[in-house]
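Taking it in order: structure first as structure tokens, then the write-up.
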Amino acid sequence: MFEWAKNKGAERYSFMSFPYTNGTFEKHDSFLNTTYSH
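For what it's worth, our numbering labels the leading residue of the sequence shown as 4, then goes sequentially.
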């Protein structure tokens, strides 16, 4: 799914879950390329 998202131009994603306990869980992240060429 990571490759599919990058091919579609995605730069970041968000994940949200509603656990059985009170409250919500949310995660935000970015796709970073750490390969640098000079």
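Yeah, the Cβ is synthetic: ideal placement off N, Cα and C, and Gly gets one too. Bear in mind the structure is a predicted one, so any value in this text is a computation, not a measurement.
Nonlocal neighbours in the same chain, by C-beta distance under 7 Å from SER33, ignoring five residues either side: GLU14 and ARG15
Secondary structure of GLU6, DSSP reduced to three states: helix
Using the Cα positions of THR24 and PHE5, report the straight-line distance between them to the nearest angstrom. 29 Å
Strictly by DSSP, which residues pair up with LYS11? None; LYS11 has no bridge partner.
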